[in-house]
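In the order they appear, the protein sequences are chains E and H. In terms of UniProt numbering, the first sequence opens at residue 1 and continues consecutively. In terms of UniProt numbering, the second sequence opens at residue 1 and continues consecutively.
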Amino acid sequence: MSNPTYTAIFYLFAAITVFSAAFVVFSRNVIYSAFSLLFTFFGIAALYVFLSADFIAVTQVVVYVGGILVLLLFGVMFTNNIMDTDLKTDVLHAIPGTFLFLGILAALLFTFYTTNGWMPSDTQLQGSVVERIGFETMSRYVLPFEMASILLLAALIGAAFLARYDNGGTNEH
Amino acid sequence: MDQTLSEFGNVFVFFLLGVVFVAGGYLTARMLRPSRPNPVKTSTYECGEEAVGSAWVKFNIRFYVVALIFIIFDVEVVFLFPWATVFRQLGSFALVEALVFAGILILGLVYAWVKGDLDWVRPTPSVPKMPEMPASKSTSQRD
Numbered sequence: 001m002s003n004p005t006y007t008a009i010f011y012l013f014a015a016i017t018v019f020s021a022a023f024v025v026f027s028r029n030v031i032y033s034a035f036s037l038l039f040t041f042f043g044i045a046a047l048y049v050f051l052s053a054d055f056i057a058v059t060q061v062v063v064y065v066g067g068i069l070v071l072l073l074f075g076v077m078f079t080n081n082i083m084d085t086d087l088k089t090d091v092l093h094a095i096p097g098t099f100l101f102l103g104i105l106a107a108l109l110f111t112f113y114t115t116n117g118w119m120p121s122d123t124q125l126q127g128s129v130v131e132r133i134g135f136e137t138m139s140r141y142v143l144p145f146e147m148a149s150i151l152l153l154a155a156l157i158g159a160a161f162l163a164r165y166d167n168g169g170t171n172e173h
Numbered sequence: 001m002d003q004t005l006s007e008f009g010n011v012f013v014f015f016l017l018g019v020v021f022v023a024g025g026y027l028t029a030r031m032l033r034p035s036r037p038n039p040v041k042t043s044t045y046e047c048g049e050e051a052v053g054s055a056w057v058k059f060n061i062r063f064y065v066v067a068l069i070f071i072i073f074d075v076e077v078v079f080l081f082p083w084a085t086v087f088r089q090l091g092s093f094a095l096v097e098a099l100v101f102a103g104i105l106i107l108g109l110v111y112a113w114v115k116g117d118l119d120w121v122r123p124t125p126s127v128p129k130m131p132e133m134p135a136s137k138s139t140s141q142r143d
């Protein structure tokens with residue numbers, strides 16, 4: 001990370017992530033929030049690339065940008081009066097919120113400054129980790145791999161059951 | 001690490017080019033075009049129709065189930081992608097494992113299919129009844 005170009009690109013993506021995430025929170029319009037979340041997800045994918053986690057980065061784009069965000073936009077579009085609704089809560093616990101914020105910030109900074117180094121890996125990874133993940137899932141982690149499919153099956157059936165639009169038994173035909 | 005980063009550097013170049021291309025197009029258009037708006041010009045264009053209301057209409061809830069099922073198979077692809085890169089070196093064992101993996105998920109697809117979650121919402125057109133034509137040829141022949 002000594003290369004200044006890498007550092008500049010890293011801070012560019014970090015800024016994109018932080019500012020779009022802030023926009024998600026502060027925007028009064030839920031649609032703008034949802035679209036801003038797109039940039040947050042992309043920025044996080046770029047940060048994964050900087051962590052040499054290329055597979056996670058691509059997964060982030062495929063699943064979060066391609067799937068979760070579309071689902072979220074659908075969810076937004078199912079609601080009535082999207083553009084008119086002014087998202088503003090009346091519940092503002094300013095003082096407890098400030099204490100909570102300062103506490104979490106202090107805890108994070110304390111950990112950040114008292115941790116002795118970041119335990120860098122001895123071996124530098126060369127090339128993509130995707131093939132290594134493929135080998136590992138097919139050798140040591142075969143059972144979790146198959147369990148994941150059962151988990152996905154349960155998720156599919158549960159999701160389809162819960163989200164099914166039942167309009168008076170026409171699904172039975 | 002540097003090798004992986006430089007490979008994603010290509011992606012970054014495409015990203016930058018995309019941003020520059022779009023932003024440059026907007027910028028040159030803004031510099032070149034005359035700005036003389038009037039109410040007709042600034043109205044939303046729709047061919048042959050007067051645009052009414054907002055474009056943000058309520059979607060049919062059926063899309064939601066389809067999107068949920070899509071996400072499940074999206075995640076399945078993520079699981080199968082590392083397998084696909086090394087599948088030739090691992091042979092038949094890996095093939096069987098992946099078939100079992102896909103087979104379990106196909107059960108879910110069959111479930112959703114049988115339950116009618118994948119059926120698209122079809123419009124049910126109500127055919128307007130034609131007024132009876134007493135002297136019509138076709139009705140007299142059918143009688």
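Where a beta carbon is used, it is the ideal one built from N, C-alpha and C, also for glycine. The structure displayed is predicted, hence computed values, not measured ones.
- Could you pull the start and end residues of the alpha helix (DSSP H) that serine 36 (chain E) belongs to? 30-50
Which of helix, strand or coil does DSSP assign to threonine 124 (chain H)?
The three-state secondary structure of threonine 124 (chain H), taken from DSSP, is coil.
* **Rounded separation between leucine 47 (chain E) and phenylalanine 13 (chain E) - CA only** => 7 Å
Threonine 170 (chain E), buried or exposed, once every other Cβ within 10 Å from all chains shown has been counted against 16:
Caution is warranted here: a pLDDT of 46 is assigned to threonine 170 (chain E), below 50, making its placement in the model unreliable, and the coordinate value is therefore given only provisionally. So threonine 170 (chain E) counts as exposed.
Enclosing alpha helix (DSSP H) for isoleucine 61 (chain H) [first to last residue]: Element bounds for isoleucine 61 (chain H): n/a, residue is neither H nor E.
Give the residues of chain H in contact with serine 20 (chain E), contact being defined as C-beta atoms less than 7 Å apart. Within 7 Å Cβ-Cβ: nothing; serine 20 (chain E) doesn't reach chain H, min ~14 Å.
Worksheet entry | From E:Ile68, E:Ser52, E:Ala53, E:Asn29, residue whose alpha carbon lies closest to that of phenylalanine 41 (chain E) | E:Ile68
Considering only C-alpha positions, which residue in the set E:Leu151, E:Asn29, E:Leu152 is nearest to methionine 77 (chain E)?
-> E:Asn29
Review point. Cβ of glutamate 50 (chain H) less than 8 Å from any chain E Cβ?
Key: no
Could I get the ranges of all uninterrupted alpha helix (DSSP H) runs contained in the segment 59-101 of chain H, with 4 residues as the minimum, in chain order?
62-90
**OP:** Would you mind reading off the limits of the alpha helix (DSSP H) that contains threonine 59 (chain E)?
**Re:** Where threonine 59 (chain E) is concerned, the enclosing alpha helix (DSSP H) stretches over 54-59.
If I follow the unbroken alpha helix (DSSP H) through glutamate 146 (chain E), where does it start and stop? 142-163
| message | Is the separation between the beta-carbon of alanine 67 (chain H) and that of phenylalanine 74 (chain E) shorter than 8 Å? | response | yes
Practice problem: Can you grab the Cα-Cα spacing for the pair phenylalanine 79 (chain H) / phenylalanine 135 (chain E), in whole Å? | Solution: 12 Å
Name the chain E residues whose beta carbon is nearer than 7 Å to that of alanine 67 (chain H)? Val70, Leu71, Phe74
Nearest-angstrom Cα distance between valine 61 (chain E) and alanine 53 (chain E)?
-> 13 Å
Coil, strand or helix - alanine 51 (chain H) by DSSP = coil
With DSSP as the reference, label proline 37 (chain H) as helix, strand or coil. coil
Along chain E, in chain order, which residues have C-beta atoms closer than 7 Å to that of phenylalanine 12 (chain H)? Ile9
From glycine 66 (chain E) to methionine 130 (chain H), what distance separates their C-alpha atoms? 49 Å
Using alpha carbons as the reference points, say which of H:Ile72, H:Ile71, H:Ala102 lies closest to tryptophan 83 (chain H). H:Ala102
Given a cut-off of 8 Å on the beta-carbon distance, is the pair alanine 163 (chain E) and valine 65 (chain H) in contact? It is a contact, given that the beta carbons lie within the stated cut-off.
Check your understanding: Where do the ends of the alpha helix (DSSP H) carrying methionine 130 (chain H) lie?
Key -> Careful: methionine 130 (chain H) lies outside any alpha helix (DSSP H) and carries neither H nor E.
- Item | Amino acids of chain H, ordered along the chain, whose beta-carbon sits closer than 7 Å to that of glycine 134 (chain E) | Pro82, Trp83, Thr85, Val86
With a threshold of 8 Å between beta carbons, is lysine 115 (chain H) in contact with chain A?
Any reference to chain A falls outside this structure, whose protein chains are E and H.
Practice task
Apply the 10 Å Cβ neighbour rule to residue 145 (chain H) and answer buried if 16 or more other Cβ atoms are within range, or exposed otherwise.
Solution key: Residue 145 (chain H) lies beyond the range of chain H shown here (1 to 143); nothing can be said about it.
* To do: Over the uninterrupted alpha helix (DSSP H) stretch that includes threonine 115 (chain E), give me the two end residues.
  => That residue, threonine 115 (chain E), is in no alpha helix (DSSP H); it is neither H nor E in DSSP.
- prompt: What are the residues of the segment 145-162 of chain E that lie near chain H, defined by any Cβ-Cβ distance shorter than 7 Å?
  reply: Correct list: Phe145, Glu146, Ala148, Ser149, Ile150, Leu152, Leu153, Ala155, Leu156, Ile157, Ala159, Ala160.
(Q) Quick check on serine 35 (chain H): buried or exposed, where buried means 16 or more other Cβ atoms within 10 Å of its Cβ? (A) exposed
query: Given that glycine 103 (chain E) touches chain H, what residues does it touch there, using C-beta distances under 8 Å?
result: Neighbours of glycine 103 (chain E) on chain H: none; closest Cβ ~35 Å, over 8 Å.
Query - Reference threonine 59 (chain E); option with closest CA among H:Asp74, H:Arg62, H:Phe70, H:Thr85 - result: H:Asp74
**CB contact check: glycine 67 (chain E) to chain H, cutoff 8 Å** = yes
Here's the rule I'm using: 16 or more other beta-carbon atoms within 10 Å means buried, otherwise exposed. How should tyrosine 64 (chain E) be labelled?
buried
Can you name the start and end residues of the alpha helix (DSSP H) that leucine 12 (chain E) belongs to?
-> 4-26
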